[in-house]
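**Q** There's a structure below that I have some questions on.
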Amino acid sequence: MSVPATAEGVLRQHLIDPEICIRCNTCEESCPIDAITHDARNYVVDPAICRTCNACIAPCPTGAIDNWRRVARASAYTLAQQFDWDVLPAQEAVAEADPEIPQDVARIAALASAGQGGASAPPWSAAHPYVNLHTPQHPAVATVSGNLRLTGEGASSDIRHIVLDFGSTAFPVLEGQTIGIVPPGTDAEGRPHHVRLYSIASPRDGERPRYNNVALTVKRVTEDHEGRPVRGIASNYLCDLEKSAPVNVVGPFGTSFLMPNHPGSSLLMICTGTGSAPMRAMTERRRRRIALDEGGKLMLFFGARAPEELPYFGPLLKLPAEFIDINFAFSRVAGQRKRYVQDLLRERGADVAARLRDENCFVYICGLKSMEEGVTRALRDICSGHDLDWDGLLPALRDGGRYHLETY
Amino acid sequence: MSGIDYSEKIPNNVNLAGDRTLQRALEHWQPNFLQWWAEMGPDGSQDFDVYLRTAVSVEPSGWANFDHVKMPDYRWGVFMTPADGERRIRFGEHLGEPAWQDVPGEHRANLRRIIVTQGDTEPASVEQQRHLGLTCPSQYDLRNLFQVNVEEGRHLWAMVYLLHRHFGRDGREEAEALLGRRSGDTDNPRILGAFNERTPDWLAFFMFTYFTDRDGKFQLCALAESGFDPLARTTRFMLTEEAHHMFVGESGVSRIVQRTCAVMNELKTDDVAALRASGVIDLPTIQRYLNFHFAVTIDLFGADQSSNAATFYSAGLKGRFEEGKRDDDHRLQGATYLVQDIADGRVIEREAPMLNALNEVLRDDYIRDSIGGVNRWNRVIEKAGLPFRLAAPHKAFNRKIGTFAKARVSPDGRVIDEAEWARHEREWLPTSEDRAFVASLMGRVVAPGKFANWIAPPAIGINRQPVDFEYVRFN
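This is the structure:
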């Protein structure tokens, strides 16, 4: 794929804002291939030469350099036109199918939300998400500022809490959004690896508040869904990262699985394994705001094989019961019967039904594809036992932005 | 090796650790520098966390790294554009010869003088600006002031490195003296006139960073051509930082003009008293500040006829701006240049040997460049639909150095007598009332996203951060 093109015949043309530019020549100096030139009036980028390597972006003292217009390739702004400008032209409509979201990402997102019948509306009070600021062609480069094993020594799985720092690169995220990781290198056929999506596990203001960082919950994949040994490319790459290592990141993605922000809003969260990442992000967001006393309750159903396999088990136990109602389900603890999240949901059926009725309660489900069926069956059963009609309720929940399911 | 090692006492990309004597000498100078910074650096900025740009390598991708830095802990270091080993001298008698990695004995005194003169301006401007933080119009501007200041400090380091590394005991003494002189001190002033003027208010600061830091750009560009390769590589990297300083000036003045125009349109008036009463700086006052800073700055280029300039050029010590883009013989023997003079009561042009007129050549390049920005300010006024236009004064106006120093010349270039000068001086140069009025507007505004009434917010924040970002944490 040619570098600046994001779709057939469409160019993301690099332009310099003549109203902000101070003609300091820094960009021309820093361009490695002489794509930038100037006359007595303006500094301009030659679309025939520029490969969007972005070497000029950071050195520009004004920010004038960071301007882009989508244009039909055949009618890219010429140097003569650019020399003549006093202001940048507005973005004109370019005929094209939404080319921005990478195909990989669209495919995974469609699969993940298939269980609820496609993406639903976000909560009405969700913050506006930024999406797709960084593409596979132009990923953001983050650095690893932490990589910590969450699961106990004896656990069968290696689940890690990985913190990525974006330094001075803009990467604004909301709880529930995902980011894409591009493992370096190529696959057996010599093609670049596919993008892998991970839900962020930290709240919007960062794992370390007010620093530009996000946390991920990553399980090292050593077997496939059927238990056959397989080495996950991206998860092993991430789990093995040393501190300070650079990582190519794309995104953020996701405009639906977002938390409500209005006072009095409640969350019903159902997850297994690393599906806890968005729940942890939302819980942490609320925890940091406890002092604001905004009202609303949190209820969590969390399933894993055993306590030592449960990411964030320790910190969760420290949260006060009046803040969050936590229900753990363990399926493989010696001497105890197997319990799954759907069993717990049924046990707490009255409370769950009350929450489904509550206009201010928003439901989030995240985990392996295999939990989807059990959980929806449990919800259906709870409804029928409490005078609710699941099949009528579900579309209303979805349209009202109150039901969000992501499984993989 | 272009990566910068921040774990060393003095961050550098010049392999300081490989020269113990030099390293010790600089480590000896370092506490004196820090002492100078504590005494003469930004007033009352102790313990502030400031969102600053720090170089982590001299590659384009590495020299603009943004983070909050505790003010006195900024890591000043020694950075140079990497040597390419192939560089050849592009002008003068040594045209085509390999650039020198060491100082040639016969040019030692001249090179030292060039480096000391350049180095002296760096701490001088920090001294001139040290009280401005107390009257900043916003957090954004305060951050920009500190960025300018720490980088001027770093430019001092760059020159001191050259003095220590290449000029032995003389160099070390000169490096000490750079910390000894004080801007505006009658007994031990800074070397150049403009660097002994006061920078009493933010309009003066923005004019200074627009005009006087642009002089820095042209001097650095001329030195980046030098046959003495370490000087060329040092100044090449300094230029990348200098651009931000000019940005602060150009956008600062532009935002003041924008705000004034908005109020002029709101009140539908150009009445100076009415505008001043509503707390903005009237355009004629801005023009008078412009006149002052323009004239003071073009004096910095030196006498219009200078045998020193000829020597520096022919010897390969200091080139012209964009030497590589000029298509003459780069030796200039026999070449001529049109210079201005005064004869029969008016400004005339005459031909002079170009070698002797090289200060004038650089000054004219500078004037062309600085007028571009003045025109961009005018576009702000034009956009507001107002008829006023700012203009750079004639190059003979209010000069203190060179042929025009003894004459009185109006901003439009007429030679006038003392009486006419006296009648109009208050229209052409800032009066004490102007300065007092501007000073009266200078109150400190530091709430994130808030701006003083006399200046518009910037179009975009620093490093894509929002305008109301917390650029400074006061702790």
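Chains as they are written, first to last, in the working numbering: chain A, 203 to 610; chain B, 2 to 476.
Backbone N, C-alpha and C define an ideal beta-carbon position, used for all residues, glycine too.
A quick note: this is a predicted structure, and the numbers were derived from the prediction, not measured.
Mind listing, in chain order, the continuous alpha helix (DSSP H) runs of no fewer than 4 residues lying wholly within the stretch 339-388 of chain A?
**A** none
**Q** With distance defined between alpha-carbon atoms, name the residue in B:469, B:304, B:234 and B:250 nearest to residue 14 (chain B).
**A** B:234
**Q** If you drop the 5 nearest sequence neighbours on each side, which residues of the same chain put their C-beta closer than 7 Å to that of residue 587 (chain A)?
**A** 551
**Q** Return the chain-ordered list of same chain residues with a C-beta closer than 7 Å to the C-beta of residue 307 (chain A), the five sequence neighbours on each side being excluded.
**A** 382, 397, 399 and 455
**Q** With DSSP run on the structure shown, which of helix, strand or coil describes residue 263 (chain B)?
**A** Correct three-state label for residue 263 (chain B): helix.
**Q** Any beta-carbon of chain A closer than 8 Å to the one on residue 464 (chain B)?
**A** yes
**Q** Residue 215 (chain A) bridges to which residues according to DSSP?
**A** A:271
**Q** Counting only beta-carbon atoms, is residue 11 (chain B) nearer than 8 Å to chain A?
**A** no
**Q** Can you grab the Cα-Cα spacing for the pair residue 165 (chain B) / residue 79 (chain B), in whole Å?
**A** 12 Å
**Q** Within the same chain, show all residues whose beta-carbon is closer than 7 Å to that of residue 322 (chain B), passing over the 5 residues directly before and after it, in chain order.
**A** 219, 222, 223, 363 and 366
**Q** When you compare only the Cα positions, how much space is there between residue 132 (chain B) and residue 352 (chain A)?
**A** So the alpha carbons of these two residues sit roughly 51 Å apart.
**Q** Is it true that the stretch 293-310 of chain B meets the stretch 61-72 of chain B, where meeting means three or more beta-carbon pairs spaced less than 8 Å apart?
**A** no
**Q** According to DSSP, what are the bridge partners of residue 503 (chain A)?
**A** A:472 and A:529
**Q** Please compile the residues from chain B whose C-beta is within a distance smaller than 7 Å of the C-beta of residue 288 (chain A).
**A** Taking a Cβ-Cβ threshold of 7 Å, the residues of chain B close to residue 288 (chain A) are 380, in chain order.
**Q** Mind listing which residues of the stretch 346-373 of chain A have their C-beta closer than 9 Å to chain B's C-betas, in chain order?
**A** 369, 370, 371 and 372
**Q** Taking buried to mean at least 16 other C-beta atoms within 10 Å of its own C-beta, is residue 302 (chain B) buried or exposed?
**A** The residue is buried, with at least 16 neighbouring Cβ atoms inside 10 Å.
**Q** If you reduce the DSSP assignment to three classes, tell me which class residue 46 (chain B) lands in.
**A** coil
**Q** For residue 462 (chain A), which residues in the same chain have their Cβ closer than 7 Å to its Cβ, ignoring the five residues on either side in sequence?
**A** 325, 327, 328 and 564
**Q** Would residue 305 (chain B) and residue 340 (chain B) be called neighbours here (beta carbons separated by less than 8 Å)?
**A** yes
**Q** Going along the stretch 226-241 of chain B in order, which residues come within less than 7 Å of chain A, judged by CB to CB distance?
**A** Shown in chain order are the members of the stretch 226-241 of chain B whose Cβ falls below 7 Å from a Cβ of chain A: 241.
**Q** Between A:519, A:339, A:477 and A:518, which has its C-alpha nearest residue 451 (chain A)'s C-alpha?
**A** A:339
**Q** Name, in chain order, the residues that DSSP records as bridge partners for residue 453 (chain A).
**A** A:336
**Q** Measure from the C-beta of residue 66 (chain B) to each C-beta in chain A and report whether the shortest distance is under 8 Å.
**A** yes
**Q** For residue 341 (chain B), which residues does DSSP report across the bridge?
**A** Answer is B:350.
**Q** Using a C-beta cutoff of 8 Å, does residue 225 (chain A) count as contacting chain B?
**A** yes
**Q** What's the C-alpha gap between residue 431 (chain A) and residue 354 (chain A)?
**A** 22 Å
**Q** Could you name the residues of chain B that residue 228 (chain A) contacts, counting a contact when the two beta carbons are closer than 7 Å?
**A** Near residue 228 (chain A) (Cβ distances below 7 Å), the residues of chain B are 241 and 244.
**Q** Can you give me the C-alpha to C-alpha distance between residue 206 (chain B) and residue 515 (chain A), rounded to a whole angstrom?
**A** 56 Å
**Q** I'd like to know whether the C-beta of residue 374 (chain B) is nearer than 8 Å to at least one C-beta of chain A.
**A** yes
**Q** For residue 383 (chain B), write down the residues that DSSP places opposite it in a beta bridge.
**A** Under DSSP, no beta-bridge partner is assigned to residue 383 (chain B).
**Q** Measuring only the C-alpha atoms, how far is residue 301 (chain A) from residue 214 (chain A)?
**A** Residue confidence for residue 301 (chain A) is low, a pLDDT of 43 falling below 50, so the modelled location carries little weight; the figure read from the coordinates is stated next. Cα to Cα, residue 301 (chain A) sits roughly 11 Å from residue 214 (chain A).
**Q** Could you give the DSSP three-state label for residue 184 (chain B): helix, strand or coil?
**A** coil
**Q** Enumerate, from N- to C-terminal direction, the unbroken alpha helix (DSSP H) stretches of 4 or more residues contained entirely within the stretch 259-323 of chain B.
**A** 273-278, 284-300 and 308-315
**Q** Looking at chain B, is there any beta carbon in it that lies within less than 8 Å of the beta carbon of residue 176 (chain A)?
**A** Outside the shown range of chain A (203 to 610) lies residue 176 (chain A), about which nothing can therefore be said.
**Q** Scan the stretch 264-285 of chain A for residues whose Cβ lies nearer than 8 Å to a Cβ of chain B and list them as they occur along the chain.
**A** 264, 265 and 268
**Q** Do the CB positions of residue 314 (chain B) and residue 251 (chain B) come within less than 8 Å of each other?
**A** no
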